[in-house]
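**Q** Below: one structure in C-alpha cells.
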Amino acid sequence: MFIEKITNMYIPKRLIILMTLNFIEAIIISKLDNIIFYMWKEIQVFIIVFLVNSFTLCYDKVIKLC
Numbered sequence: 001m002f003i004e005k006i007t008n009m010y011i012p013k014r015l016i017i018l019m020t021l022n023f024i025e026a027i028i029i030s031k032l033d034n035i036i037f038y039m040w041k042e043i044q045v046f047i048i049v050f051l052v053n054s055f056t057l058c059y060d061k062v063i064k065l066c
C-alpha cells in the first residue's frame, strides 16, 4: 500500500517538475525549433514512465488475483 502510494504520487509530481524545468531551460537556451525537440524528448520520457507505472500496477493486481 505504501509503495503504491509512492509510485502513484511522488514520481509523477517529480516528473512534471523536471519537465517544466527542462521546458523553461529549452525556452531560455534555444530557438523555437529546438523547443519542439526538447518537448518531444520530455513527452517520450513521460509516456515511458506512465507505461511502466501502469504495467506494474496491472501486474500487482494480476498477482493478487492469483
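Each residue of the sequence shown is one higher than the last, beginning at 1 in full-length UniProt numbering.
Ideal Cβ positions, reconstructed from N, Cα and C, are used throughout, including at glycine.
Hey, is the region 14–22 in contact with the region 34–47, meaning 3+ C-beta pairs nearer than 8 angstroms?
**A** Yes: at least three Cβ pairs fall under 8 angstroms.
**Q** Less than 9 angstroms between the beta carbons of LEU15 and VAL49, yes or no?
**A** If you number the sequence shown from 1, residue 15 lands on position 15. If you number the sequence shown from 1, residue 49 lands on position 49. Yes; because the gap between Cβ atoms is below 9 angstroms, this pair is in contact.
**Q** Go ahead and pull the three-state DSSP assignment for LYS41.
**A** For this step, residue 41 is matched to residue 41 along the sequence shown. The answer is helix: DSSP assigns LYS41 an H, G or I state.
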